[in-house]
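So the first sequence is numbered by UniProt numbering: it starts at 1 and just counts up by one.
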Amino acid sequence: MENWNQETIENFRKDLLAWYDQEGRAHLPWRENTDPYRVLVSELMLQQTRVDTVITYFNRFMTALPTVQDLANAPEEQVLKLWEGLGYYSRARNLHQAAKVVVFDLKGAWPESYDDLLSLPGVGPYTAAAVASIAFNQAVPAIDGNFFRVFSRLLKIDDDIAKPKTRRVFYDAVAPIVDPKRPGDFNQAIMDLGTSYMKTNDPDTLHSPVVKYNAAFRDGVEDQYPVKSKKKKPILQRFQALVLYNEKGDLLYEQRPDSGLLAGFWTLPLRPIDSIEDLQGEQLTIKAVTHVFSHRKWEVWPVKVEQVEKLTHNQRFLSPAEQEAMALPKLQHKLLKNLKEQHDVSK
DNA sequence: AATTCGTGGAC
DNA sequence: TGTCCAAGAAT
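As structure tokens, then:
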């Protein structure tokens with residue numbers, strides 16, 4: 001691992017921020033100002049999610065709920081509807097809870113330190129540092145995937161970035177490098193660098209504004225960084241999805257448990273099966289509806305049924321208007337599309 | 001510490 | 001089609 005002296009650190013800050021001021025992504029909507037609410041919303045949305053995907057969601061969210069008071073007073077259904085399709089829905093519920101803490105518990109007084117921000121729901125080490133540095137000018141490194149990638153190459157840090165304890169190694173190495181005068185810009189400059197010249201695949205390190213500080217590039221081993229162990233591939237699970245309309249043409253839905261995958265969302269009733277042989281009812285499609293989550297791959301077979309037992313407390317018939325008004329997970333949208341196509345074919 | 005939590009894009 | 005990934009947090 002490289003160890004920079006004070007002069008190198010100061011030169012690095014200067015070169016990095018000069019580039020950021022010229023070529024940074026100043027146009028990103030959440031960089032319009034440093035209102036902590038805007039920063040928090042953007043950071044929660046950006047967790048494990050691409051910038052291009054977030055932009056539309058962010059603008060729509062801020063138009064609907066422009067202040068932390070608006071969010072704190074909003075019904076959860078509205079928050080989830082605004083989040084629909086973005087995934088990792090606990091982020092939306094945590095953001096909602098965080099807004100309630102700020103508005104109702106803290107009377108609108110934002111926590112400004114890293115440690116205090118860390119206590120908000122949905123705010124972990126990265127997000128706390130991002131908000132503290134961007135909105136409150138605290139000099140802490142916001143260690144995300146970009147940060148790991150950029151500094152693993154610059155400093156030749158060999159620790160596996162998939163391991164939790166590696167965060168401390170990077171923190172210790174880079175905390176002295178963060179610019180105390182412009183910590184928020186420093187962190188955001190690292191992100192911009194990590195998605196441009198120092199991106200994951202096919203980087204253009206030679207033309208990077210900080211190429212002369214890049215030890216891995218200097219030694220011709222850039223492709224070895226960052227060190228990252230691989231994750232396991234999704235496990236296949238099969239289900240049959242019960243399709244039942246009532247006399248009004250409303251469709252039977254079932255609410256999922258309040259914890260686990262797609263917690264609390266409404267979908268067609270899903271029943272696990274071992275194989276297609278186990279389908280009970282009229283098979284509606286030749287091909288299954290498949291959906292891949294981060295750790296599960298679902299194969300879902302829609303099956304028309306004549307009735308169900310007496311409706312359980314978590315089952316309801318929903319009209320098209322009701323379905324449209326509520327937040328539905330991507331899987332359910334795929335199932336609806338599939339049903340519509342079957343209907344159109346049979347006509 | 002290792003798993004669990006969505007989705008869409010790139011290759 | 002499969003694989004990996006992209007501004008992580010909670011458990």
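Even for Gly, the Cβ is constructed at its ideal location relative to N, Cα and C. Bear in mind that the values here come from a model prediction, so they are computed numbers and not experimental data.
Residue range of the unbroken beta strand (DSSP E) whose run includes residue i
i    : result
L86  : Segment: none, L86 is in no beta strand (DSSP E) and carries neither H nor E.
Y253 : L251 to Q255
I235 : I235 to V243
V123 : No beta strand (DSSP E) holds V123; DSSP gives it neither H nor E.
F317 : Q315 to L318
E247 : Looking at the DSSP string, E247 is not in any beta strand (DSSP E), and its letter there is neither H nor E.
V300 : R296 to K304
V140 : Counting along the chain, V140 falls outside any beta strand (DSSP E), and DSSP gives it neither H nor E.
T290 : V289 to V292
L270 : L270 to I273
Option nearest residue i by Cα separation, candidates the options
i    : options                   : result
K231 : A162, L270, F217 and Y213 : A162
Q6   : A175, Y37 and L118        : A175
S152 : A98, P121 and N214        : N214
I235 : R296, Q332 and V131       : R296
D223 : A92, R238 and N201        : N201
A113 : V101, N137, P320 and A99  : With the sequence shown as reference, residue 113 is identified as Ser, and Ala is not the correct amino acid for it. Ranking V101, N137, P320 and A99 by Cα distance to S113 puts N137 first.
G264 : E282, G124, D192 and R93  : R93
V123 : G108, K107, G85 and D144  : D144
R238 : Q255, R271 and P180       : R271
E282 : D219, Q342, T290 and L328 : Q342
F170 : H333, I134, T127 and P226 : P226
D21  : I190, L155, K310 and R38  : I190
W266 : L328, D116, V308 and S42  : L328
L252 : W301, S294, L311 and A26  : L311
W4   : K14, R91, Q188 and A173   : A173
K165 : S133, A109 and K228       : K228
D192 : K156, D115, F147 and F217 : F147
R168 : L154, D204 and Y126       : Y126
Q97  : M62, A216 and L40         : L40
S319 : K248, S275 and Q307       : K248
T34  : I273, H333, A321 and A132 : A132
V305 : Q315, F217 and V243       : V243
S275 : H291, V292, W298 and R256 : W298
K334 : F12, H291 and I273        : H291
A74  : V103, L86 and S294        : V103
Cβ distance (whole Å) where residue i is taken to contact residue j below 8 Å
i    : j    : result
T269 : A288 : Before going further, note that residue 269 is Pro rather than Thr in the sequence given. Not really, about 16 Å apart at Cβ, beyond 8 Å.
L331 : V303 : L331 to V303, Cβ: 16 Å. No contact.
L339 : D185 : Their Cβ separation, rounded to whole angstroms, is 50 Å, which puts L339 and D185 out of contact at 8 Å.
V210 : V178 : About 14 Å separates the two Cβ atoms, so there is no contact after all.
F58  : W30  : 6 Å
K107 : A72  : Between A72 and K107 the Cβ distance is about 11 Å, and since that is not below 8 Å, they are no contact.
A129 : P36  : About 13 Å separates the two Cβ atoms, so there is no contact after all.
Y89  : Q47  : That belief does not hold up - the Cβ atoms of Y89 and Q47 are roughly 12 Å apart, past 8 Å.
R38  : M62  : 7 Å
A142 : N187 : 4 Å
Span of the alpha helix (DSSP H) around residue i
i    : result
F217 : A215 to R218
Which ranges would you report for the alpha helix (DSSP H) in the stretch 153-213 if only whole runs of at least 4 residues count? 166-174 and 183-194
Okay, do the stretch 65-73 and the stretch 45-55 touch, 3+ Cβ pairs below 8 Å being the bar? no
Ignoring anything shorter than 4 residues, give me the alpha helix (DSSP H) runs that lie fully in the stretch 24-104, in order along the chain. 36-46, 51-64, 68-73, 76-83 and 90-100
Is the stretch 195-204 touching the stretch 255-270, taking contact as three or more C-beta pairs under 8 Å? no
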